[in-house]
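If you use numbering that gives the first Met the number 0, the sequence shown corresponds to residues 0 to 645, in order. Glycine included, each C-beta is placed from N, C-alpha and C at the ideal position. Just below is one structure, and these are the notes that go with it.
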Amino acid sequence: MTPAMDSIATKHLFSYASAAFISSLCGRTEHQTAARLPPDDRRTPHPADPNNRMNHSNQRTPLLPLMGQPAATSSSRSAVGGTLALSGIALSLLAMAAPAHATLPQLSAAQPATLQSCTDLASRLKLPDTRITSSELVKEGNLTIKEMTTPVPAHCLVKGKMKERTSPVDGAAYALGFEVRMPVHWNGRFLYQANGGLDGEVVPALGAVSGGAPVAPALVQGFAVLSSDAGHPTPSPFFGVDPQARLDYGYQAVGTLTPMAKSLIKSAYGKGPDRSYLAGCSNGGRHAMVGASRYADQYDGILAGNPGVYLPKAAATQLWKAQQYAKVASKDANGQPNLKSAVTPAEFKLISSKIVEKCDALDGVADGQVNDVAACQGAFNLQRDVPTCTGARDGSCISADQKSVLSTIFAGPKNSKGEALYPGTWWDPGVMGSNFAWWHFDAPPTRNAGSVAFIFTTPPISVADFRAKTGMQYAMEFDLETDFPRIFATTALYPESPWDYMTPPNATDLSGLKNRGGKMIVYHGTADSVFSPIDTAQWMDQLQAHHGNQANTFARLFMVPGMNHCSGGPATDQFDMLAPLVAWVEQGKAPDTVTANARGAGANVVNTELPTSWSANRTRPLCVYPKVARYNGTGDVESASSFSCK
Numbered sequence: 000m001t002p003a004m005d006s007i008a009t010k011h012l013f014s015y016a017s018a019a020f021i022s023s024l025c026g027r028t029e030h031q032t033a034a035r036l037p038p039d040d041r042r043t044p045h046p047a048d049p050n051n052r053m054n055h056s057n058q059r060t061p062l063l064p065l066m067g068q069p070a071a072t073s074s075s076r077s078a079v080g081g082t083l084a085l086s087g088i089a090l091s092l093l094a095m096a097a098p099a100h101a102t103l104p105q106l107s108a109a110q111p112a113t114l115q116s117c118t119d120l121a122s123r124l125k126l127p128d129t130r131i132t133s134s135e136l137v138k139e140g141n142l143t144i145k146e147m148t149t150p151v152p153a154h155c156l157v158k159g160k161m162k163e164r165t166s167p168v169d170g171a172a173y174a175l176g177f178e179v180r181m182p183v184h185w186n187g188r189f190l191y192q193a194n195g196g197l198d199g200e201v202v203p204a205l206g207a208v209s210g211g212a213p214v215a216p217a218l219v220q221g222f223a224v225l226s227s228d229a230g231h232p233t234p235s236p237f238f239g240v241d242p243q244a245r246l247d248y249g250y251q252a253v254g255t256l257t258p259m260a261k262s263l264i265k266s267a268y269g270k271g272p273d274r275s276y277l278a279g280c281s282n283g284g285r286h287a288m289v290g291a292s293r294y295a296d297q298y299d300g301i302l303a304g305n306p307g308v309y310l311p312k313a314a315a316t317q318l319w320k321a322q323q324y325a326k327v328a329s330k331d332a333n334g335q336p337n338l339k340s341a342v343t344p345a346e347f348k349l350i351s352s353k354i355v356e357k358c359d360a361l362d363g364v365a366d367g368q369v370n371d372v373a374a375c376q377g378a379f380n381l382q383r384d385v386p387t388c389t390g391a392r393d394g395s396c397i398s399a400d401q402k403s404v405l406s407t408i409f410a411g412p413k414n415s416k417g418e419a420l421y422p423g424t425w426w427d428p429g430v431m432g433s434n435f436a437w438w439h440f441d442a443p444p445t446r447n448a449g450s451v452a453f454i455f456t457t458p459p460i461s462v463a464d465f466r467a468k469t470g471m472q473y474a475m476e477f478d479l480e481t482d483f484p485r486i487f488a489t490t491a492l493y494p495e496s497p498w499d500y501m502t503p504p505n506a507t508d509l510s511g512l513k514n515r516g517g518k519m520i521v522y523h524g525t526a527d528s529v530f531s532p533i534d535t536a537q538w539m540d541q542l543q544a545h546h547g548n549q550a551n552t553f554a555r556l557f558m559v560p561g562m563n564h565c566s567g568g569p570a571t572d573q574f575d576m577l578a579p580l581v582a583w584v585e586q587g588k589a590p591d592t593v594t595a596n597a598r599g600a601g602a603n604v605v606n607t608e609l610p611t612s613w614s615a616n617r618t619r620p621l622c623v624y625p626k627v628a629r630y631n632g633t634g635d636v637e638s639a640s641s642f643s644c645k
C-alpha cells in the first residue's frame with residue numbers, strides 16, 4: 000500500500016534524505032516578471048522554474064520502478080544497492096544527530112457548554128469588517144442529510160460576510176462569505192470545514208470531512224462548524240484576475256475567518272472554543288496543509304485528505320496528461336480530441352484486473368484487494384502483463400501506443416532536460432474507478448484549463464482571450480517549457496506568485512504545530528488521479544527527515560488502498576479520521592490504525608465499484624505510513640481483525 004514495505008528484500012522503498020533548503024536567485028520569466036522568495040520560505044530548487052524554486056526530482060529517488068518496467072538489470076541492481084547503503088548511513092547519521100525524544104505538550108480536553116444566544120446575534124454582534132446577515136435557530140430534525148438517518152441536532156445558524164469590496168481590476172463584488180452552525184449542546188470544539196474544488200460557494204457547515212460517505216459529521220458530533228466560499232461568490236476561475244481574491248483562495252480566507260469565528264462562538268456560548276480543528280479533502284486538504292504551516296497558533300488538530308500540497312503543479316500536470324491521451328484519442332467533429340476514447344472503461348478494467356492478478360497476494364492473502372501497493376510497482380509490468388492488441392481494440396487488450404502513453408503518464412511530466420516536474424502515480428486496481436477517469440478525461444478541459452489560466456499562473460489570461468477558444472484548445476496548447484514556469488512568476492499587480500499563495504510556506508517544517516502540542520492526520524487514496532499519492536508520501540518522508548525521524552509523534556499519514564480522489568474505487572473508503580484526531584490531540588492517544596468499511600449493499604451510500612467477490616460489509620485497517628495491512632494467516636478475510644499493520 001505504501002512506498003515502503005516488508006515483503007521485498009529492501010525494508011525501505013525510498014531513502015530519507017536531509018532537506019537542502021537554499022535561497023532562490025533573482026531572475027525573470029519570459030514575461031519579464033520576477034519570482035521572489037520570501038525570507039522565511041526555505042524550499043528545494045525546481046528545474047522548470049527559472050529561479051529554481053522547487054524540485055520534486057530532488058526529494059527522493061524511488062528504489063523500485065513506478066511504471067511497471069521490466070526487472071532491474073544487474074548494473075541497475077548494483078546502483079540500487081549502493082543507494083540503499085547510503086540510505087542506511089544517512090538514517091544512522093540522522094538518528095545520531097537527532098536530539099533525544101522530547102515530551103510534547105499535552106493539550107487538555109475540550110469542555111462542553113450550552114448555547115446562550117442565537118437569534119439576536121445578527122443585531123447585537125459587532126465584529127471588525129464583518130456583516131452578519133442572518134441568525135436563526137434550526138430545530139432538531141429540520142435539517143436532514145440524505146446520506147444519514149441520524150437527525151441533525153438543534154443548532155444556531157449564522158450567515159455573514161467579511162471584507163466586502165469591489166475589485167479595481169474586474170469591477171466585481173467580492174467578500175468572504177461564510178456560515179457558522181453552533182449546536183445547542185456544544186462539545187467545546189470548533190471545526191473549520193475547508194471546502195474543495197475552486198470553492199466559490201458556502202457549502203453547508205456540517206463538517207462531513209472524512210472519506211467516502213459521512214460517518215458522523217462534526218456538527219452531529221457536537222462541533223461548532225464554519226464553512227466559507229474562500230472569498231469569491233461563484234466556482235468560476237475568473238476570480239483569479241483579482242489579486243486579493245487569489246490570496247483569499249490561497250490562504251488568507253482561513254487566516255481572516257478563523258479569529259472571527261472564534262469571537263462569534265464566544266458570543267454565542269459565553270466562552271470561546273477550547274480546541275480548534277481544521278479539516279478538508281482535495282483543495283480542502285490543501286487548505287489544511289497550508290493552515291498547519293501558516294496558522295499553527297490557531298489550530299490544535301489538522302485533518303488533510305488527498306491534499307493538493309503542490310496544487311498548481313498538479314493542475315498543470317492534468318493539462319499535460321490530456322496532451323498525452325490526445326495522441327491515441329479519436330477526433331470529434333471540430334477536430335478536437337475525444338479524450339475518453341484514449342482508454343475506455345473496459346480497458347481500464349482490464350488493466351485493473353491484471354494488477355490484481357499480479358499483486359493481490361503480496362499482503363499475504365488473495366482476497367481481491369491490493370494492500371501492498373508499493374510492492375505492486377515491482378510485481379506488475381504493463382508491457383508484460385496486459386495483452387497487446389494485434390487487431391481491433393475490444394476491451395481484451397490495449398495497443399502498443401496506448402501502453403506507451405500510459406507509461407509516460409504514470410511516470411509524470413518532465414521538461415526538455417528530462418527533469419521531473421511533478422510525481423506520477425501508482426499502478427493500482429483503482430484505475431478502473433469512474434473518478435479516476437473523470438480527472439483524466441473530463442477535468443482537463445472543463446476545470447483545469449480555467450484554473451491554470453486564471454489562478455495558477457501569472458499573469459492570468461484575459462477573460463476575452465480565454466473565451467475565444469475552448470478549454471480543450473487551451474489544454475492542448477499549454478507548454479511545459481514556457482507556461483509551467485509562470486506558476487512561480489509575479490508582477491507589480493500580482494506580487495505573490497501562485498506557488499507562494501497556494502502552497503505551504505514550509506511544508507516539511509511543522510515545528511509551530513508540534514511545539515504547542517498540535518497534531519496532524521493526513522490520508523490519501525493510492526489511486527488518486529489528480530493529486531499524486533507519491534507526492535504525499537514524499538512529503539511525509541521529508542517531514543520525517545526534517546524532524547529527526549520523529550514526525551510521527553505529531554503527524555501521521557494513512558494510505559487508503561484502491562481509493563480514488565477522496566472516495567470511490569475498489570476500496571474500503573468509509574472511515575472516520577476526526578475522532579482519532581481528537582483523541583490524539585486531547586488524550587494523547589496516537590492512532591496506529593483506523594478501521595475502514597466497504598460501502599456495499601445496505602450502506603448509507605453504496606459504492607457501485609466494489610468487486611462482487613467482496614462482502615458488503617468488508618472492513619480493513621488503514622495503517623500508518625509506511626506500514627501495510629497484512630493478513631494474520633487465519634481468520635475471516637472480510638474482517639479487519641484478521642489483518643495487522645506491519
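Tell me residue i's beta-bridge partners as DSSP assigns them.
{"i": "N715", "result": "Here the chain comprises residues numbered 0 to 645, so residue 715 is not present and cannot be evaluated."}
{"i": "C388", "result": "Looking at the DSSP assignment, C388 forms no beta bridge with any residue, so it has no partner."}
{"i": "P336", "result": "K330"}
{"i": "I131", "result": "G159"}
{"i": "V202", "result": "Looking at the DSSP assignment, V202 forms no beta bridge with any residue, so it has no partner."}
{"i": "V559", "result": "G524"}
{"i": "R466", "result": "R466 pairs with nothing; no bridge assigned."}
{"i": "C280", "result": "G304"}
{"i": "V289", "result": "Note: V289 sits in no beta bridge, so no partner."}
{"i": "K413", "result": "A419"}
{"i": "T113", "result": "H184"}
By the three-class DSSP mapping on this structure, what secondary structure does residue i have?
{"i": "S56", "result": "Residue confidence is low: S56 scores 37 on pLDDT, short of 50, so the model does not pin down where it sits. Its coordinate-derived value is still stated next. In the structure shown, S56 sits in a helix (DSSP, three-state: H, G or I)."}
{"i": "R515", "result": "coil"}
{"i": "L361", "result": "helix"}
{"i": "A325", "result": "helix"}
{"i": "V623", "result": "strand"}
{"i": "M475", "result": "helix"}
{"i": "S275", "result": "strand"}
{"i": "A628", "result": "strand"}
{"i": "T316", "result": "helix"}
{"i": "K645", "result": "coil"}
{"i": "V581", "result": "helix"}
{"i": "L136", "result": "strand"}
{"i": "H154", "result": "strand"}
{"i": "I350", "result": "helix"}
{"i": "A341", "result": "coil"}
{"i": "I533", "result": "helix"}
{"i": "I397", "result": "strand"}
{"i": "T456", "result": "coil"}
Roughly how many angstroms lie between the CA atoms of residue i and residue j, to the nearest whole one?
{"i": "T611", "j": "K348", "result": "14 Å"}
{"i": "G377", "j": "M431", "result": "20 Å"}
{"i": "S292", "j": "A506", "result": "6 Å"}
{"i": "V327", "j": "V521", "result": "36 Å"}
{"i": "W185", "j": "A217", "result": "11 Å"}
{"i": "S116", "j": "L136", "result": "10 Å"}
{"i": "D198", "j": "P234", "result": "6 Å"}
{"i": "H286", "j": "G511", "result": "17 Å"}
{"i": "G411", "j": "D119", "result": "55 Å"}
{"i": "A646", "j": "Q549", "result": "Any answer about residue 646 is impossible in this case: the structure gives the chain only from 0 up to 645."}
{"i": "V404", "j": "Q220", "result": "47 Å"}
{"i": "Y493", "j": "T113", "result": "45 Å"}
{"i": "S614", "j": "Q401", "result": "34 Å"}
Considering Cα atoms alone, identify which of the options is closest to residue i.
{"i": "Q297", "options": "A223, F177, P258 and F483", "result": "P258"}
{"i": "T552", "options": "A391, Q573, G516 and A526", "result": "G516"}
{"i": "V605", "options": "S638, T571 and F453", "result": "T571"}
{"i": "K645", "options": "T233, G199, L361 and Y324", "result": "L361"}
{"i": "F483", "options": "V451, G470 and Q368", "result": "V451"}
{"i": "D575", "options": "E146, V214 and A474", "result": "V214"}
{"i": "S395", "options": "A345, T481 and R598", "result": "A345"}
{"i": "G367", "options": "T594, V636, K125 and F642", "result": "V636"}
Less than 8 Å between CB atoms is the rule here; does residue i satisfy it with respect to chain B?
{"i": "Y630", "result": "In the displayed structure, chain B is absent; only one protein chain is listed."}
Beta strand (DSSP E) runs wholly inside the segment 212-265, at least 3 long, in chain order: Counting only runs of 3 or more, we get 223-227.
Continuous beta strand (DSSP E) assignments of at least 3 residues falling wholly in the segment 170-198: Segments of the beta strand (DSSP E) lying fully in the segment 170-198: 172-182 and 188-192.
Every unbroken alpha helix (DSSP H) within the segment 422-448, with a cutoff of 4 residues, ordered by chain: 433-436, all fully within the segment 422-448.
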